[in-house]
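Novice: Input: one structure, supplied below.
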Amino acid sequence: MRSSFDPSSSPLARRLGLVALTVVTLLAAAGCSPFARALKEGDTFSSQQKWAEAEEAYLRALAEEPNDAEAKAKLLKLRQQWSAEIVQGARVKHTEGDLAGTTSLLVRALQLDAESADARMLLAQTLDARVEVAQKALKEDRLPEARAEFEAVLAVDEGHVAARKGVIGVQTALARRWFGTAQRLEEEGKLGNALLAYVRANQERTGATPALDRAEAVRRKLQDEIAFLVVTGPAEDKAEAPDVAQRLSPGRLSALLPQEVPIRVVTADAPKDHEGVRLGLSVERVMPVKSVEQAQKSQRYLVTSKAVPNPRRQQTESALLEQERTLEDVERKLSGVLRDYLRKQDELSQAREVATRCRSRERQACSTALAECVRAFGQSKPGEVPKECSPSRCNPQCESEEGALSQRASAAQELERRLESAQEGAETQRREVQRGRDAYYREPLTVDEPVYADYPYDVELHRLSITASVTERLVALSKDAAAASPHSEDYAAMHEDAANKAYDKVGVLADPVQLRSESELRVEAGDKAMQSIAQRVMEHFDVYRQRRVEDARRGMVRPSAEDVVETAVRALLLTADAPPQDILQALSQARGLTRPESIFGR
């Protein structure tokens, strides 16, 4: 036979071709990677001075390769060029006198290149120029414009000394302006507007003016003007109980009323037509009642103990029976799985034997065909393939037998796994049964049960109560006090305690009487009376201040008007314990107060 040599089929040629293909592939991948494309786009945009697009492209490249030195250097150079261009534009604006525009451009330039000396120098000059403009506005009393300029400088350079001093100067000037306005309003009798102006002056610059002290003085005047007066005197003691009458004194009433709101308890005559009530109190009688009641209690004590069947033994027996039944079910399932496994093993052995015989026949047939092919090839003409050498004579002939064997082997493996799982379950259940048996035999047959008995014993219930009858006359100052209907009510204070002797045989300890003293209960009854009276006084005060609040709410459509402010401030002082937020916030916004609670002196 002739043989031909193909150079491309040699191992060396194949290896060289593979290396060349790999190199070409790597070079192509390097040229088409996202990093390379982004870097190339950045170079193109940079050459066209499209700084924003170039920066975005370089940032994308660094996102792909964060440590690439070339991309970092190009991005740094781009930002320096961009910053220099912005500085040139800022110089033009500075020449034109646009200091605000110059400042914003220079801030952007320094964000791009923090080391730019030109940007820093021009920014310092621009900020100094803005400070000079603000100082000129301050001298000309254009305070809002001056404040805006100083704050703009501090927003860029918070340590600028001249700007800080300028802000203090603006705050001082505003505080003095508001203080002068407040003095004028106070002289005109507009105390509510004056209070807000004093608060605003103190808010602008604390200590620059005596606004805090004047605000407190005006607040006191307003509180005296709108105060709710409670005219009362010492309670009339008809029961000859000075300790109870002393708890009904004006001082006690004042202490029980809220201190945040202007409620004044006075003993002198009130001004004419002033809001308030007149209160008259008298102690009609104070009656102590002491009683002793006989009663019985029982004490349970241990008499003896008796043997009873152990309930836990019955529980463990029931649990053991349940576990044994479960074991029977598990072993029954195990037997079924074992039978299936043995049957499948027989079928697998038969299939393996059939496949083995088929393979033997297949090898024999193929060997015979190969021998015939060799004999026929020697007798045939050159270049002619005899029919005895047909490959179809050695084709596989046992595919069905091999498939059946594989299928039965898989089924046998699955049954083997099921059998192992069933065996493990049966072993686990056997251990549980053994534990149940151990627990059952450890439990005793009987246990001791305690026998109790009840021992009755005598108890004395001592009770002491003080009932104070108090009559009050509560009427508005604008009405005739003689026409007021008296209101009488009983206020009781009570304490009780049980006493018994000791009965050591059954474990009862002695318990002597420990009642509170009569004087303590008399004081408590007086306090209860005064708390009730203070609550009824507050009801009258709530009606009065609610009327004021409604008047203030009707004017909230124009909260900056002076007459509305006067009404609203008085309503807020009357509700200092819980100010209505709709009025408080509207008034604070109208007068520019950042801390609305300062109206109340907090």
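Just so you know, we're using this note's numbering here: the sequence shown kicks off at 23 and counts up by one.
For every residue, glycine included, the Cβ atom is placed at its ideal position computed from N, Cα and C.
1. Give me, in chain order, the residues of the same chain whose beta-carbon lies closer than 6 Å to that of A574; leave out the 5 immediate sequence neighbours on both sides.
2. Is M309 helix, strand or coil when you go by DSSP?
3. Between which residues of its own chain and V155 is the CB-CB distance below 8 Å, once the five residues before and five after are set aside?
4. Can you name, in chain order, every residue of its own chain whose Cβ lies under 8 Å from the Cβ of V455, other than the five neighbours on each side?
5. What does the alpha-carbon distance come out to for the pair E77 and E107?
6. Does the pairing of the stretch 318 to 329 with the stretch 433 to 446 give three or more beta-carbon distances under 8 Å?
7. Less than 8 Å between the CB atoms is what I'm expecting for S320 and Y477, so what's the real figure, rounded?
8. Could you tell me which residues DSSP puts in a beta bridge with Q71?
9. Report yes if the CB atom of A249 is closer than 8 Å to the CB atom of P280, and no otherwise.
10. Do you know offhand how far G447's Cα is from P333's?
11. Pick helix, strand or coil for D476, following the three-state DSSP scheme.
12. If we ignore side chains and look at the alpha-carbon of each, how far apart do S636 and E306 end up?
13. Should P56 be labelled buried (16 or more other beta-carbon atoms within 10 Å of its own) or exposed?
14. Spell out the partners DSSP gives G302 in its beta bridges.
15. Which residues in the same chain as V135 place their Cβ atom closer than 6 Å to its Cβ, once the five residues preceding and following it in sequence are excluded?
16. Counting Cβ pairs closer than 8 Å, one from the stretch 112 to 128 and one from the stretch 137 to 154, do we hit at least three?
17. Name the residue from L427, L609 and E118 whose alpha carbon lies nearest to the alpha carbon of N215.
18. I think G298 touches L595, with their Cβ atoms under 8 Å apart; what is that distance to the nearest whole Å?
19. Hey, is the stretch 185 to 195 in contact with the stretch 162 to 177, meaning 3+ C-beta pairs nearer than 8 Å?
20. Take S507 and list the residues in its own chain whose beta-carbon comes closer than 6 Å to its own, dropping the five residues that flank it on each side.
21. Rank L213, T231 and L207 by C-alpha distance to the C-alpha of A197 and give the top, closest one.
22. Under 8 Å, do L217 and V240 count as touching if we go by C-beta distance?
23. Measure the C-alpha to C-alpha separation of Q133 and V109 and round it to an integer number of angstroms.
24. Taking the beta strand (DSSP E) that I621 falls in, what are its first and last residues?
25. Answer with buried or exposed for T228, where buried requires no fewer than 16 other C-beta atoms within 10 angstroms of its C-beta.
26. Which residues does DSSP pair with V530 in a beta bridge?
27. If the criterion is Cβ atoms closer than 8 Å, does the pair P581 and A600 meet it?
28. Please specify which runs of the alpha helix (DSSP H), each continuous and at least 4 residues long, are wholly inside the stretch 228 to 279, giving them in chain order.
29. Are the Cβ atoms of S649 and D519 separated by less than 8 Å?
30. Take R430 and list the residues in its own chain whose beta-carbon comes closer than 6 Å to its own, dropping the five residues that flank it on each side.
31. Could you check whether Q318 and Y11 sit closer than 8 Å to each other, using their CB atoms as the reference points?
32. Does DSSP put P166 in a helix, a strand or coil?
33. Where DSSP assigns a beta bridge to T289, which residues make up the other side?
34. Going by DSSP, name the residue or residues bridged to K319.
35. On the DSSP letters alone, give me the boundaries of the alpha helix (DSSP H) that S340 sits inside.
36. Kindly identify the DSSP beta-bridge partner or partners of L324.
Specialist: In short:
1. By 1-based counting over the sequence shown, the position of residue 574 is 552. Once the five neighbours on either side are set aside, the close Cβ partners of A574 are T589, A590, A593 and I605.
2. For the purposes of this step, residue 309 is taken as residue 287 along the sequence shown, with counting starting at 1. Residue state, collapsed to three classes: strand.
3. Locating residue 155 in the sequence shown gives position 133, where the first residue counts as 1. Result list for V155: L121 and E171, in chain order.
4. Within the sequence shown, numbered from 1, the residue matching residue 455 stands at position 433. Closer than 8 Å at the Cβ level, and outside the excluded window around V455, lie L342, Q345, E346 and L349.
5. Reading the sequence shown from its first residue, position 55 is the one you call residue 77. Reading the sequence shown from its first residue, position 85 is the one you call residue 107. Answer to the nearest angstrom: the Cα atoms are 15 Å apart.
6. Between the stretch 318 to 329 and the stretch 433 to 446, the count of Cβ pairs shorter than 8 Å is below three; the stretches do not touch.
7. Stepping through the sequence shown from its first residue, residue 320 is reached at position 298. Stepping through the sequence shown from its first residue, residue 477 is reached at position 455. Right, the Cβ-Cβ distance comes to about 6 Å (below 8 Å), so this counts as a contact.
8. Start at 1 with the first residue of the sequence shown, and residue 71 comes out as number 49. Bridge partners of Q71: none, in fact.
9. For this step, residue 249 is matched to residue 227 along the sequence shown. For this step, residue 280 is matched to residue 258 along the sequence shown. No. Outside cutoff.
10. Along the sequence shown, read from residue 1 onward, the residue named residue 447 stands at position 425. Along the sequence shown, read from residue 1 onward, the residue named residue 333 stands at position 311. Their backbone Cα atoms lie some 31 Å apart in a straight line.
11. As a working note, residue 476 is residue 454 in the sequence shown. Strand at D476.
12. One cannot answer for residue 636 here, as it falls past the ends of the chain, which runs 23 to 624.
13. Start at 1 with the first residue of the sequence shown, and residue 56 comes out as number 34. By the 10 Å Cβ count, P56 comes out exposed.
14. Here residue 302 refers to the residue found at position 280 when the sequence shown is read from its first residue. According to DSSP, which records beta bridges pairwise, G302 is partnered with R495.
15. Locating residue 135 in the sequence shown gives position 113, where the first residue counts as 1. The residue asked about is misnamed: residue 135 is Asp in this sequence, not Val. Taking D135 as the centre and dropping the five residues before and after it, the same chain places the C-beta of R101, Q102 and S105 closer than 6 Å to its C-beta, in chain order.
16. yes
17. For the purposes of this step, residue 215 is taken as the residue at position 193 of the sequence shown. Comparing Cα-Cα distances from N215 to each of L427, L609 and E118, the minimum goes to L609.
18. If you number the sequence shown from 1, residue 298 lands on position 276. If you number the sequence shown from 1, residue 595 lands on position 573. About 16 Å separates the Cβ atoms of G298 and L595, ruling out a contact at the 8 Å cut-off.
19. These segments touch.
20. Start at 1 with the first residue of the sequence shown, and residue 507 comes out as number 485. Answer for S507: no residue qualifies.
21. Taking the first residue of the sequence shown as position 1, residue 197 is located at position 175. When only C-alpha atoms are compared, the closest one is T231.
22. Here residue 217 is taken as the residue at index 195 of the sequence shown, counted from 1. Here residue 240 is taken as the residue at index 218 of the sequence shown, counted from 1. Yes. Within cutoff.
23. Residue mapping note: residue 133 aligns to position 111 of the sequence shown, counting from 1. Residue mapping note: residue 109 aligns to position 87 of the sequence shown, counting from 1. Q133 and V109: Cα-Cα distance of roughly 12 Å.
24. On the sequence shown, position 599 is the one that residue 621 refers to. Where I621 is concerned, there is no enclosing beta strand (DSSP E), given that its DSSP letter is neither H nor E.
25. As a first step, residue 228 must be located in the sequence shown, where it is residue number 206. By the 10 Å Cβ count, T228 comes out exposed.
26. Indexing the sequence shown from 1 puts residue 530 at position 508. Looking at the DSSP assignment, V530 forms a beta bridge with Y525.
27. Stepping through the sequence shown from its first residue, residue 581 is reached at position 559. Stepping through the sequence shown from its first residue, residue 600 is reached at position 578. Cβ distance not < 8 Å, so P581 and A600 don't count as in contact.
28. 233 to 248, 264 to 268 and 272 to 278
29. This structure gives no information on residue 649, because the portion of the chain shown stretches from 23 to 624.
30. The count along the sequence shown starts at 1 and reaches residue 430 at position 408. Hits under 6 Å: E369, L370 and A373.
31. Summary: the structure shown does not reach residue 11, with the chain confined to residues 23 through 624, and so no result is reported for it.
32. For the purposes of this step, residue 166 is taken as residue 144 along the sequence shown, with counting starting at 1. Looking at P166 - three-state DSSP - the assignment turns out to be helix.
33. Counting from 1 along the sequence shown, the entry for residue 289 is found at position 267. In DSSP, T289 forms no bridge with anything.
34. Along the sequence shown, one-based indexing puts residue 319 at 297. For K319, which the question treats as bridged, DSSP gives the partners Y479.
35. Within the sequence shown, the letter at position 318 stands for residue 340. Where S340 is concerned, the enclosing alpha helix (DSSP H) starts and stops at P333 to Q401.
36. As a position in the sequence shown, residue 324 is number 302, starting the count at 1. L324 is bridged to Y474.
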